[in-house]
Amino acid sequence: LCRKLNTLFQRIKAECKSDPNVWKIFSVFFKCFKDRENYRDCLIRRVRVMQSSDWEKDETRVSRVCKAVEETAKAYMQDVEQEPRLKREAEMLINATIERVEKGETNNYSTYINSLKQHL
Numbered sequence: 099l100c101r102k103l104n105t106l107f108q109r110i111k112a113e114c115k116s117d118p119n120v121w122k123i124f125s126v127f128f129k130c131f132k133d134r135e136n137y138r139d140c141l142i143r144r145v146r147v148m149q150s151s152d153w154e155k156d157e158t159r160v161s162r163v164c165k166a167v168e169e170t171a172k173a174y175m176q177d178v179e180q181e182p183r184l185k186r187e188a189e190m191l192i193n194a195t196i197e198r199v200e201k202g203e204t205n206n207y208s209t210y211i212n213s214l215k216q217h218l
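Going by the numbering used here, the sequence shown opens with residue 99, and the numbers climb by one from there.
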């Protein structure tokens with residue numbers, strides 16, 4: 099069954115690389131099977147897809163991206179004992195997101211920035 103699901107996911111991935119929901123579904127699959135590396139990889143891919151052009155200028159998109167970044171950073175931090183480099187990667191992801199949000203034109207950017215800073 100797992101092999102069939104993996105084959106199916108590979109086909110979906112080939113067709114829908116730019117859909118953040120696909121990456122979220124993949125992350126859930128890998129989390130269920132305790133494949134932490136692929137779980138984190140899918141989460142970061144989801145964030146990258148969500149950070150398409152000018153996302154920081156739309157408050158709805160900022161909110162979604164910040165929530166996805168928080169989820170990704172938490173996943174990285176859960177594995178820091180086994181892989182210490184993940185702490186720095188989580189910090190870089192958060193700081194890069196904060197920088198983009200600050201450059202955006204959203205009115206409530208401080209709310210999102212403060213939420214992200216809690217994970218540093």
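Ideal Cβ positions, reconstructed from N, Cα and C, are used throughout, including at glycine.
* Which whole-angstrom value describes the C-beta separation of T195 and V167, a residue pair presumed to lie in contact below a C-beta threshold of 8 Å? -> Going by Cβ atoms, the distance from T195 to V167 rounds to 5 Å, so yes, they are a contact pair.
* Which two residues bound the contiguous alpha helix (DSSP H) that contains P118? -> Looking at the DSSP string, the run of the alpha helix (DSSP H) that includes P118 is P118 to C130.
* Beta-carbon spacing of R144, A173 below 7 Å -> Between R144 and A173, the CB-CB gap reaches or exceeds 7 Å.
* Asked: Who are the Cβ neighbours of N136 in its own chain at under 6 Å, not counting the five residues just before and after it?
  -> In its chain, beyond the 5 residues on either side, F128 have a beta carbon closer than 6 Å to the beta carbon of N136.
* Should F131 go down as buried or exposed, given a rule of 16 or more other Cβ atoms within 10 Å for buried? -> Taking a 10 Å sphere around the C-beta of F131, we find fewer than 16 other C-beta atoms and assign the residue as exposed.
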